[in-house]
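>
There are 4 protein chains.
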Amino acid sequence: MVRRIGRKPVEELDPLVDSVLGPHVPPMATVMPGEVVEVETWDALTKVTNPVTGPLYVEGAEPGDALSVEILKIDLPEQGTTAIIPGFGALEGWLRQLESRRKISEIREGKIHYVTDHGETLEIEADPFIGTIGVSPASEAITTLSPGRHGGNMDCPDIRPGNTLMLPVFRPGALFGLGDVHAVQGDGEVCGVAVEVPAVITMRFGVEKGRGIGWPRIESPEEIMTVGSARPLEDAARIAFRELVDWMASDYGWDKLDAYMFLSLVARARIAQIVDPLYTVVAKLHKRYLGK
Amino acid sequence: MVRRIGRKPVEELDPLVDSVLGPHVPPMATVMPGEVVEVETWDALTKVTNPVTGPLYVEGAEPGDALSVEILKIDLPEQGTTAIIPGFGALEGWLRQLESRRKISEIREGKIHYVTDHGETLEIEADPFIGTIGVSPASEAITTLSPGRHGGNMDCPDIRPGNTLMLPVFRPGALFGLGDVHAVQGDGEVCGVAVEVPAVITMRFGVEKGRGIGWPRIESPEEIMTVGSARPLEDAARIAFRELVDWMASDYGWDKLDAYMFLSLVARARIAQIVDPLYTVVAKLHKRYLGK
Amino acid sequence: MVRRIGRKPVEELDPLVDSVLGPHVPPMATVMPGEVVEVETWDALTKVTNPVTGPLYVEGAEPGDALSVEILKIDLPEQGTTAIIPGFGALEGWLRQLESRRKISEIREGKIHYVTDHGETLEIEADPFIGTIGVSPASEAITTLSPGRHGGNMDCPDIRPGNTLMLPVFRPGALFGLGDVHAVQGDGEVCGVAVEVPAVITMRFGVEKGRGIGWPRIESPEEIMTVGSARPLEDAARIAFRELVDWMASDYGWDKLDAYMFLSLVARARIAQIVDPLYTVVAKLHKRYLGK
Amino acid sequence: MVRRIGRKPVEELDPLVDSVLGPHVPPMATVMPGEVVEVETWDALTKVTNPVTGPLYVEGAEPGDALSVEILKIDLPEQGTTAIIPGFGALEGWLRQLESRRKISEIREGKIHYVTDHGETLEIEADPFIGTIGVSPASEAITTLSPGRHGGNMDCPDIRPGNTLMLPVFRPGALFGLGDVHAVQGDGEVCGVAVEVPAVITMRFGVEKGRGIGWPRIESPEEIMTVGSARPLEDAARIAFRELVDWMASDYGWDKLDAYMFLSLVARARIAQIVDPLYTVVAKLHKRYLGK
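In order, the protein sequence lines correspond to chains H, R, S and C.
All you need for my numbering is the position in the first sequence, starting with 1, plus 1244.
All you need for my numbering is the position in the second sequence, starting with 1, plus 1244.
All you need for my numbering is the position in the third sequence, starting with 1, plus 1244.
All you need for my numbering is the position in the fourth sequence, starting with 1, plus 1244.
(1) Closer than 6 Å by C-beta to C:Arg1248: which residues in its own chain qualify, once you throw out the five before and the five after it? Chain order, please.
(2) Check the Cβ of C:His1394 against every Cβ in chain R and list those closer than 9 Å, keeping chain order.
(3) List the residues of chain C that R:Ile1386 touches, going by C-beta distances under 7 Å, in chain order.
(4) Could you tell me which chain H residues have their CB closer than 9 Å to the CB of R:Trp1498, listed as they occur along the chain?
(5) Please report whether the beta-carbon of H:Val1264 lies at a distance below 9 Å from any beta-carbon of chain S.
(6) Using only alpha-carbon positions, find the residue among H:Ala1310, H:Val1296, H:Pro1295 that is nearest to H:Val1302.
(7) Whose Cβ in chain S lies nearer than 7 Å to the Cβ of H:Leu1260?
(8) Would you mind listing the beta strand (DSSP E) stretches within the stretch 1382-1467 of chain R that are 3+ residues and don't spill past its ends, in chain order?
(9) Under a Cβ-count criterion, where at least 16 other Cβ atoms within 10 Å of its own Cβ denotes burial, should C:Val1428 be classed as buried or exposed?
(10) Of the choices H:Lys1531, H:Ile1386, H:Glu1343, H:Gly1395, whose alpha-carbon is the least far from that of H:Ile1542?
(11) Give me the Cα-Cα distance between C:Lys1355 and R:Gly1436, rounded to the nearest whole angstrom.
(12) Closer than 7 Å by beta-carbon distance: list the chain S residues that pair up with C:Met1505, in chain order.
(13) Three-state secondary structure (DSSP) at C:Ser1508?
(14) Between the stretch 1280-1295 of chain H and the stretch 1256-1266 of chain H, are three or more C-beta pairs nearer than 8 Å?
(15) State the Cα-Cα distance for the pair H:Leu1507 and H:Leu1501, rounded to the nearest angstrom.
(16) Would you say H:Ser1508 faces chain R, with C-beta separation under 9 Å as the test?
(17) How about R:Lys1347 and R:Thr1325: do their beta carbons lie closer than 9 Å?
(18) Would you say R:Arg1340 lies against chain C (beta-carbon separation less than 9 Å)?
(19) Looking at the C-beta of R:Ala1474, does it have a partner C-beta in chain C at a distance below 9 Å?
(20) Using a 10 Å radius around the Cβ and a threshold of 16 neighbouring Cβ atoms, would you call C:Gln1517 buried or exposed?
(21) Can you tell me the Cα-Cα spacing of C:Lys1528 and S:His1362, whole angstroms?
(22) Helix, strand or coil, according to DSSP, for R:Ala1334 in the structure here?
(23) Note down, in chain order, every chain S residue with its Cβ under 7 Å from the Cβ of C:Arg1537.
(24) Does the contact criterion of 3 or more C-beta pairs under 8 Å hold for the stretch 1473-1482 of chain R versus the stretch 1469-1479 of chain C?
(25) Does DSSP put R:Asp1319 in a helix, a strand or coil?
(26) Name the two residues that bound the continuous alpha helix (DSSP H) containing S:Arg1486.
(27) Is the Cβ-Cβ distance between H:Ile1462 and H:Met1505 less than 9 Å?
(28) Round the Cβ separation of S:Val1439 and C:Leu1509 to the nearest angstrom and send it over; I've been treating them as touching at under 8 Å.
(29) If H:Pro1271 sits next to H:Pro1253, beta carbons under 8 Å apart, how far is it from one beta carbon to the other, in whole angstroms?
(30) Can you tell me which of H:Pro1521, H:Met1492, H:Val1451 puts its alpha carbon nearest to the alpha carbon of H:Gly1308?
(31) DSSP puts S:Ile1329 in a beta bridge; with which residues?
(32) Could you compute how far the alpha carbon of R:Glu1279 sits from the alpha carbon of C:Asp1399?
(33) Would you mind telling me which residues of chain H sit closer than 9 Å to R:Val1428, beta carbon to beta carbon, in chain order?
(34) So which residues on chain H does R:Gly1535 lean against when the C-beta distance must stay under 7 Å?
(35) In terms of alpha-carbon separation, which member of C:His1268, C:Val1525, C:Ser1349 lies closest to C:Arg1512?
(36) Residues of chain H with CB closer than 7 Å to the CB of R:Arg1482, please, in chain order.
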């Protein structure tokens, strides 16, 4: 039977504890490498800003290691929320008359039912993923609104069932937290909000000793991926591509400049989001090019 | 029989004529709306900087119209060139010891054969497209290295056979030019160079009277797409998304803020390139969401 | 007699305590509004990253207030340090062959004696200021390397004797800290390091109840100034100018658009630094334009 | 007697000729090195976009040379215009309800009389300079709205009487043009418009053979200055600082890394403007540090 880690009652949520990833918050539970757990999460529009469930202390994780998180399953609720929040969103100042909006969409049998203002109901295939997932930085406590080297609010649809996320470890036990599941999201998350849902995530933890990665990485069955977060957006892309070059060189025997040229021919890149305090890009390489 | 428009002999190429898109260059040929033509192009690494074949004067095109260019076919040669050019490329200053490199890859039966420095030959599926394609600006002559409202060096893989590009018209006859075909390119074109080839492109022109679009647009059988070019990269994305919102509103009856929220759920975006004087992003919406 | 607040012994410095501004660190001392204190600070090149002396709990300061800090005097030591740190600095990747450098300059009678590599000794007028000075954010613990709404590593030469800095208060007691004195610094702090010194700062604290400012502000006898920090640099400038418009409107009776036009004619702006995690710009208006 | 070069009648202004700097426009006059001329200019708010007077063919100027322009005097008219143009300006999207505005200020005895909306008349010391001044690029025709390597719309208050501007030469005769005088301007030119005036400028031309500078430079009696234009703004600053390092190394015997450290202590930088297609920064070094 899988252990379940519940979310706090909403009235106990505290921004100093639940809206940051940092070294000061005492762990709420300890998990073992190899253990499968189910974690309940809040949606990002809850009472406090984007609360995460955590910190989880991962036994054996030490600074300099990599934490791996295999996403096995995400259970969605029956509806999700989309919104326009003036002062937030990629087209703030670019579209006239931004005003507050909120739209609830039903989720049934893996489909989101979006009712347009012009009266159509459009079905969107659900493609759930974890929007905010990360570890404690070395000394900072970073708002769960922001992504970074430590993971955080990357809003990256590739952090989805079937894939494995790797995060650098900066503190003993990693001090892992997660939340902000999206039932579906477009590239860029342009209005700043996706289909926001509370959820239950099934995952398995692992620790790779001494694997000192600089930024988050993702593996799917087909691709290796690196995640960079920065402003301006081109710097997020540069970080992601540089990390991908480094990965090709360290693990797959590529000359760095050859890897750089090759990525210019075959890389894929996703603009994860352009709405958070730092912007996020994911760079991807198909494994068919990596030999055995 | 299809009319063929040849490229100039290399020794006649002149940067003032062939490396700019502008109102001062006399047209080399006139084409009719509805006419199918084959155009020969140079690759970007020719004697002068990124030469285009043109200008073609499109009969009937006037400022305020949109020029449509349906890409029917691209014939590739038997090899293409990739290079690292120090001082150019997205990771300039981010990777140590950048040095000049040049690699020739054979192209056979729709596959590019890339020989890595570690001795493997990797097959890449060719996916040819037109890197530089545009019209004359109203009064400027813009280098063919740069993209912009007028099209130009967008390096966008969606400008490929089967798709139609629409460009705003600023000068009588549009004064259209094209070149810089890539046999394949990754998102971002990170080292600044793809698989550069001379090519023969078959295309059909059209004029949409009075359709005053602000930036280039692309239609594929499945998607509508908008192209924005700017620095920093997020501004390129903002332009593309705003133009997509406008298109949804003007042609498909969407409320603009509803379109904005919906794109936050289902849009796709491509980082076309982050190496040219302006960076380029393509925003995409699947036609399944657009009604009939 | 003035109370002196000493710096910690170097061996007790701890990055979780001394290299962040945040709500988790217990105050090292309490100060009263109106009280004059002398505070000893470390230089930024000490054992831990850019340590600050603090937190000081300012009696009576509550969220929504503004903390004012009047800088009365800065005592300099007899030498200071300048350095090039590869991977850091505004021209990283823009100048060839960056290598580690360190240069000690003597400070005598208000002059810095810089010995050039070509053998000259150049005298620079000392103009000491506080590089890092701020309060605790509401819930985050932010590295002392970064500036922000809370102040922090603004590296702004206008935070100097004779001037008063105002900071928003986010936590009870403000939880104020400071360090990183520069004996002199150029606009931009381009190599990432100025003339770094430990110092003793004499200052007077005040609390303005209910004065909810959004970003740091500075007053000199001649000017009002606002400080914005962001990336890219133009956003730092936009924040600073918008805050200056707001200040002119709220305190001096200007129409906002009229203030905007007027600043276009007479504003001064300083690029404080382009080397830290966010960049900093100071916008300035002479008081002669503000009536009595 | 000084030769006077008149501006075109307004009804003859043509955007293809007067709103670009480029190689296609036939020179309107030839000037000799050493010759003093008076040139009449239009203001930027004339019928066509920011018209320049020119091109002037400077006898003897060849690609690879530097053109020097000594600004001797600027004669102002009796009034100037300031405006808010929605869609333009640094705080577009940052201030609510931007609306079109226009304000005329009288200019008398070297003072601009600005009447505020709250009923005061404020006197601003006039400090006239040339906003748009440049040469033809090698093959492009660049709008006079944009700055660049060729000069153009730098909106830099240091291009003022008493100072000398140096520009790289790309075409035979340089093909020099100028306009857009501002009676005064604040750093950043935040609303996008200064006190815009037609004017008469007295200047002397010179040609420095073979002095291949990369970007515009300015000398005042006290300072050497370099001008960089780019987006984002930090890249404009990086260009200006790198050019200043290069100048210190090539002409004054500095080691480049030593120059880099020294500028970190004493450089001054001006945000010239953050409103044009590229943004402009001027980096400055006092001549007292440069030996004899």
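All C-beta atoms, glycine included, are put in the ideal place defined by N, C-alpha and C.
Reading off the structure:
(1) Within the same chain, Cβ atoms closer than 6 Å to the Cβ of C:Arg1248 are found at Glu1282, the five residues on either side in sequence being excluded.
(2) Going along chain R, no residue has its Cβ under 9 Å from C:His1394, so there is no contact; the nearest lies around 12 Å.
(3) From the beta-carbon of R:Ile1386, the residues of chain C found nearer than 7 Å are Glu1384.
(4) Thr1360, Asp1361, His1362
(5) yes
(6) H:Ala1310
(7) Pro1267, Ser1383
(8) 1408-1412, 1420-1426, 1443-1452, 1461-1463
(9) buried
(10) Residue 1542 of chain H is absent from the model: chain H starts at 1245 and stops at 1536.
(11) C-alpha of C:Lys1355 to C-alpha of R:Gly1436: approximately 52 Å in a straight line.
(12) Thr1326, Ile1328, Arg1345, Lys1347, Cys1435
(13) helix
(14) Cβ pair count under 8 Å is three or more, so yes.
(15) 10 Å
(16) At a cut-off of 9 Å, the C-beta of H:Ser1508 has a neighbouring C-beta in chain R.
(17) In this structure, R:Thr1325 lies closer than 9 Å to R:Lys1347 by Cβ.
(18) no
(19) Proximity of R:Ala1474 to chain C, defined by a Cβ-Cβ separation below 9 Å, is satisfied.
(20) buried
(21) 21 Å
(22) coil
(23) Because residue 1537 of chain C is not part of the residues shown, which for chain C are 1245 to 1536, the question remains open.
(24) yes
(25) strand
(26) 1477-1496
(27) no
(28) Contact flag correct, Cβ pair sits at about 6 Å.
(29) Cβ-Cβ separation between H:Pro1271 and H:Pro1253: approximately 18 Å, too far for a contact (criterion under 8 Å).
(30) H:Val1451
(31) According to DSSP, which records beta bridges pairwise, S:Ile1329 is partnered with nothing at all.
(32) 47 Å
(33) Leu1509, Val1510
(34) Within chain H, the residues near R:Gly1535 are Glu1364.
(35) C:Val1525
(36) Ala1334, Leu1335, Trp1338
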